[in-house]
Structure formats: C-alpha cells, structure tokens
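As structure tokens, the structure follows; a few thoughts come after it.
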Amino acid sequence: MSLATQHTFATYKKNNTIEEGDLVSKENVILIRIQADSEFCCKFGNYKHSDMIGLQYGTKLGSNTGRGFLFLLYPTPELWTLILPHRTQILYIADISLIMSFLDLKPGRVMIESGTGSGSFSHSIARTIAPGGHLFTFEYHQDRVAIATKEFEEHGLKDLVTIECRDVCKNGFGLENKADA
Amino acid sequence: MAALNPSDIINAGEHVFIKMPSDNVKCIVLKAGSSVSLGKFGTFKANDIIGHAWGNSYEIYDRDSKTRVYHPEGISEVEETANNNREIVDDPSSQKLTLDDIKALKSEGLKGELTGEEIVNKLKESHATFDKKTAYSQAKYLQKKGKKFHKVFTPIKPTAYSVNEYFYVKNPAKIRDIRMDTLSQLLSYSNVHSGCKLLVVDDTQGMIVSALAERMGGKGTILGLYDGDNPHYDIVKYMNFNQETLDTIKVLSWLRIHRPADEKTPDEMQDVTQLTGKDLEGYHRRLKAYNIVEESRKTLFEGNFDALIVASQYQPESILEKLLPYVAGSRPIIVYHGTKEALLETSTWMRKCPDLLAPQLTESWLRKSQVLPGRTHPEMSTWGTGGSLLTATKVIDQPVQAALTKRERLAMEKKNAEAKKLKRAREEAESAAPSPAPVVSAEDATNVAIEEEEVIMTTTITTTTSTSTIEPIDDDNESRSVKRVKQE
C-alpha cells in the first residue's frame, strides 16, 4: 500500500474521490485506510475497500451482505477529535475553537503547544495554520510522543507539526523569537 | 517563521480599537498626524502609537499630551486584615474633598499637572473611613477611582475575536447576537482553511464573512449571496484586510443568480465605436460591473463548495433547498440563528432530507469570571444567549439494497435468489433458443425493480429515527449511529 496521493487532514482533495491509500471515516466510528484487497467488517456489514475506490466522499455505501450501510466521510480534525483513541483527557471542539479564535490563529502563524497529550488540539491547530505556519508541540511522556508522531505522519501533517519529547516546565522550549502564539 | 507581519504593528489609516480605563472601547480610524480625543481621559497624538507593536498600554502625561508606555502594577496578593464593615456608615461626608475640589483635580489632570495615580491617592487620603475598610474593599475602591481618573489607554488590534466582542457589547442586534464562542465553533465545524471554497448567506452585517476570510488567509473563495441591492458587509472594513484577502470575498444577489430581463449583456449595450468621453467611461464601468456579476455566477454554478453557512433572517429550509445541490459530498452545512426555536423546524426538515447526515442543534454558554487573588468568582451579571448552531454533513444518497432486520433480509435474499434462478434459466434458454428470452426478462426486471424500491423505503424510514436533541456543547456524546428498529 502506498501513500500515492497527497492526503492530509489539513485540506480537501481536489477531486473528492476516494483513491487507494486514503483515509476514510465511517460515520461515527472508525478511521480506515483504503487498501485494494482489504475488507472492512463491522456490525453494519461487510464492505470491500475496492468497492469504495472511485466513489465520491460522502457517498452512502450499501453492504455486501445486504445488511446495513455506511457513509464514507472525509477525515477532518473535528471528526478526529471525536473518534481518536484517548491516551489522555483531550480538548473538545468547544474549547478548541474558542482558544484558536482568542489566539488569532490563521494561515502562516507559528504556535507552541505544551502538552500534546493525545493530539486532539494539535490536529485542529495544524489545519488552521496551514500552509506556511508551524506547530511546535511538546510532550514529556515518551510513549505518547511515539504514538503522536506516528499519527501526525499518517495523517499527512508531518510538515506542519514538530513534536519533541521535552519537559518544558523544567527545560524551556529551546526556541527563540519564533512563535506567534 | 514568526516574521513581523504588517498586521503586527499599528498602521496609519487603519481601524483601531481604543480601550479606556472605564473599560469602554472606542473605535477610530487612526489618521497620521491627528490628535485623538478620549473625552475625560485626555487626548493623545496618533503619531505616538503608529509604528508600535500591539500589546502595550499608554499613559498620557505632562502638559502637551505626551504618551509613554504604561507598565501596570502586577496583581499582588491582598492580605486580609481584621477590618469589617461594622462601623462604616455610608455617608457622603466621608470624602473630605468637595465636588469642586475634585473637578479642579480633574482639570489639572487633563492639563497634565497631575497623574491619574496622584489624583486617586489624594482621594484616598481625604477619605475618612478608608482605613476601616477591609483590604478587598480598599482594593476595589482604588480600582474604581482609577477607572475614572487614570489616563491610560490600550490600543487593541481588530481581529474576529475583538471585533465580535466590540459589537456584541455595543450593538448585538447588528450581528444578530452571535457571540465569540458560537462564532468560533461555526469556524471549526465549517473546517475553514486556506484555499477552500465557501458558500455563505450572511445577514450579520458581514461578521461571519469577516471571520471566515480571516481564517482563509487570502487564498480561496467566499461567495456571499445577499438580498436586495447591497450585501451590507459593514464589518469587513473593521478587520483591516489587505487587498488579497478582500479579493477572496465575492458577492452575488439572489435576484441576479439568473439573468433578469432588464440586465443587458455587453453586446446589447450601446455600440462602442460610437461612444466618446463620458459615455465611453460609463460603458466601461457598466462592462466591469457586468463582468463581476458574471464571474460570481460562474463561481456559484461550478458548485462543489466546501461548506454552506447560512445566517439569515429568512426561513433556513427555503435557502437550504436551493443551495444544497451546490455543496460537495462529505462537507458541513451550518445554520446559525439567534434563537434555537427558529432552528427547530429546520432540524426536523434536515432529518427528513436524504442528503443530510446527522443534524445537530447546539447552543453554547460562556461565562465571565473575575480573576483576582482570593476573589476569583463568576461575575454577578451574566450574558444572555450567544445564538445557536444547527450543523449537518452533506452526503450523497444512493438507493441502497440494505435491509436492517432479519425478516427483511431473509425476504430480500429469497427474492434475490429467485431472480438469480430466473436469470440463469433465461440464459440457458438463450443459449438454446434466443427468441422467447426478451419477454421473460422484461417481467423479471420489473419485479426486481419493485423489490428494490420496497427495500429502500424501509431503509429510509429507519434512518430518520436517529435522535438529535438540543444539548449543551460541553457534552461530548454525539452518538449518531444508525439504530436498528425491531419490527415484530
């Protein structure tokens, strides 16, 4: 399986059709990566990934077994916040949105986040400051750093986010004159 | 990189908010070389702050209204004393200075002879019972007097947040009561980002369009549909947008979406070769206006918008019906209204609409708190509503052969099996003798079609039983999974 397309949470794809390698959210539950030979099984039925390829995002797809259907949605930071696996308590959309407005975040801003946690807020920030901005995020827990790094990479946010394992209360940020927020 | 943006410093000719010690905010256009009057707080020269970075407060001092950066005292812990209000009587004679004395002090302050702090100190010293007050009461007294006599002002940069706050306090009707928390949630749900294409119906005088344009950073398109002659996006001018950002905002009148009978195309306009001077200029002006409208029309008809945002005085369903076809799949639809009752009918309509997924009606609460050491608590007066949001996702509905109960599924499978058998029989007959086949297959086709329809209807009905309740936004339960209906 290859990440053939520039698929990222930060912006929509140009043609809005599902291609191999994309991430697709089933309504309310799962983020899946499309692979040509896979099948997706859940309580709403069986779905072949190959059936999904070529469909527009937002399509309602019926199951192979004739039981149930699902909606294929484009992954957004808001959906991710609702379905991500919690490693820590996360911020939800109400707080995330107010903080982003208060900090005057927009494309091109550079921001520092301390306490990456499970990366919920990080995804929203990355989407808002793209393109041209950058998020420096710090987390002092080794395992969480590893998981978050993997997620940022898989979600196409590697260029927008730099995560570092560091205790900022003790050791500072290691940055000078860089951030807007 | 955090390079210094032009918007990070105070520029001449831009809108600026000035916050005064009384917590009132005044909006001015900062003209270079002018003097800005703040009423009883004095006057300052615009040039003294042009070119400075945002974030400082300035104090007016001395006779010729010089300004200097004001460094407020840090908030320190207030030590509790044993004082109480047992012996304090609310008596105007506690303050030894007369009204005339105070007026004199005030005018001396305006002239620059005394600083605000000195005036407040004098008032404190001539207060007979000041020492009897509790420490908190003393601090509150000094703060209150400071609000009247300090000559300190703070320039505030207009952003979606500060502009919204300014209007929400000064004139909420203008922006249809949309408060910052609701507005920022609207921005999140819409997934607005650089380069996207948004369809907006904005009756909040442009508050929503301004916030969206700010988040798009000059790339992408906003198409605003408006009623009447003018979009009335008054608030856009307060944001000090650069031309690139302003160019992302396109507008189109509802009346002009399809060319009205009285609009002339360039070909129908007067013959160019025979025009001179003023007539020629007029022709070019009309041509330019026509081209702008044509381009907006083109943007609309191309469709594939990344979000639809409606904040209109009109019934939302009528607008949604017209505009939903232009929105791409898996994109958010957001309806804002000042009251949630107005959105109830729309949410019912949305639940029945096969092109919309999971409508959700929310209202947000925002509460201000006083934050001071030892005295942090919510403020005594609270804000009313900040408006409500109705959100849903546009989906592409398809006739789906799905049965959600066992009985339905078995019935469907049986019919499918029969159809297959007939088809196989037909194929065998075809390979033997081709002619009788068409008649038989036509019948089968009709049968199969009917079965599909039956199954589809069942599916649609069960979908709409998913609940969508009004819930405060601090809940995170948004279970919208399709529920199976047990039919017995």
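Going line by line, the protein sequences match chains A and F.
Read left to right, the first sequence gives residues 1 to 181 (full-length UniProt numbering).
Read left to right, the second sequence gives residues 1 to 488 (full-length UniProt numbering).
C-beta: ideal position from N, C-alpha, C; glycine also.
Quick caveat, the model's predicted, so the values are computed rather than measured.
Under 9 Å, CB to CB, which of the residues in the stretch 213-230 of chain F have a partner in chain A?
E214, R215, M216, G217, G218 and K219
_Here's the rule: buried if 16 or more other CB atoms are within 10 angstroms of the residue's CB, otherwise exposed. What is L280(F)?_
exposed
Can you pull the chain F neighbours of P131(A), defined as C-beta to C-beta under 7 Å?
S194
Q: Give the straight-line distance between the Cα atoms of S101(A) and Y161(F), rounded to the nearest whole angstrom.
A: 6 Å
* Is the Cβ-Cβ distance between P373(F) and I28(F) less than 8 Å? -> no
Problem set entry | Contained beta strand (DSSP E) runs [length at least 3] in the stretch 42-127 of chain A, N- to C-terminal order | 45-48, 60-62, 69-73 and 110-114
Residues of chain F with CB under 7 Å from R87(A), in chain order?
The contacting residues do not exist; R87(A) stays about 16 Å from chain F at best.
How many angstroms separate the CA atom of N240(F) from the CA atom of P158(F)? 8 Å
- Message: For E164(A), would you say it is in contact with chain F, using Cβ-to-Cβ distances shorter than 8 Å as the test?
- Response: no
key: Contact set for N304(F): own chain, Cβ-Cβ below 6 Å, skip 5 residues either direction   = A328
Contact between the stretch 159-173 of chain A and the stretch 134-144 of chain A is defined here as three or more beta-carbon pairs at a separation below 8 Å; is this criterion met? yes
Task: Contact residues within the stretch 367-400 of chain F, judged by C-beta distance below 8 Å to chain A - done: T393, K394, V395, I396, D397, Q398 and V400
Worksheet item: Taking only beta-carbon atoms, is residue 211(A) less than 8 Å away from chain F?
Response: Residue 211(A) lies beyond the residue range present for chain A, which begins at 1 and ends at 181; the question has no answer from this structure.
Q) Since N191(F) contacts E154(A) with CB under 8 Å, what's their CB separation in whole angstroms? A) Not really, about 19 Å apart at Cβ, beyond 8 Å.
Distance between D8(F) and D104(A) (C-alpha atoms, nearest Å) | 11 Å
Check your understanding: Looking at the C-beta of K60(A), does it have a partner C-beta in chain F at a distance below 8 Å?
Key -> yes
(message) Any beta carbon from chain A within less than 8 Å of S364(F)'s own beta carbon?
(response) yes
For F241(F), which residues does DSSP report across the bridge? Note: F241(F) sits in no beta bridge, so no partner.
Let me see if you follow: with CB-CB separation under 8 Å, is S210(F) close to chain A or not? no
query: On the three-pair Cβ rule with 8 Å, is the stretch 342-354 of chain F touching the stretch 412-420 of chain F?
result: no
Inset, instruction - Just mark P75(A) as buried or exposed, buried being the case when its beta carbon has 16 or more other beta carbons within 10 Å. - result: buried
Consider the Cβ of V189(F): report whether some Cβ of chain A lies at a distance smaller than 8 Å.
According to the sequence displayed, residue 189(F) carries Tyr and not Val. True, the Cβ-Cβ gap to chain A drops below 8 Å.
Requested in this report: Could you name the residues of chain F that T137(A) contacts, counting a contact when the two beta carbons are closer than 9 Å?
Outcome: Ordered by position in chain F, no residue passes the 9 Å Cβ test against T137(A), which lies about 16 Å from the chain.
_Taking the beta carbon of K394(F) as the centre, do at least 16 other beta carbons fall within 10 Å, making it buried, or is it exposed?_
buried
Against D247(F), what residues of chain A qualify as contacts under a CB-to-CB distance less than 8 Å, listed in chain order? Result: empty, since nearest Cβ-Cβ is about 15 Å, beyond 8 Å.
| query | Between P107(A) and the rest of its own chain, which residues show a CB-CB distance below 8 Å, the 5 nearest in sequence each way excluded? | reply | T128, I129, A130, P131, G132 and G133
* By Cβ distance below 8 Å, which residues in the same chain neighbour H377(F) in space, the five residues on each side in sequence not counted? -> S369 and Q370
inquiry  = Does R68(F) come out as helix, strand or coil in the three-state DSSP assignment?
reply    = strand
| message | Could you compute how far the alpha carbon of N137(F) sits from the alpha carbon of E87(F)? | response | Note on residue identity: the sequence assigns Ser, not Asn, to residue 137(F). Whole-angstrom Cα-Cα distance: 14 Å.
Practice task
To the nearest angstrom, report how far apart L123(F) and S253(F) are at their CA atoms.
Solution key: 60 Å
**Prompt:** Closest to P172(F) by CA distance: which of G338(F), G220(F) and R426(F) is it?
**Reply:** G338(F)
Query - Segment contact flag, the stretch 330-337 of chain F with the stretch 296-313 of chain F, C-beta cutoff 8 Å, min 3 pairs - result: yes
Mind checking who L389(F) pairs with in its DSSP beta bridge?
-> Y336(F) and T362(F)
Item to complete: Return no unless some Cβ of chain A is closer than 8 Å to the Cβ of S57(F).
Response: no
| said: Tell me whether the stretch 140-155 of chain F and the stretch 182-202 of chain F touch, counting them as touching only if at least three CB pairs, one residue from each stretch, are closer than 8 Å. | reply: no
What does the alpha-carbon distance come out to for the pair G33(F) and I50(F)? 10 Å
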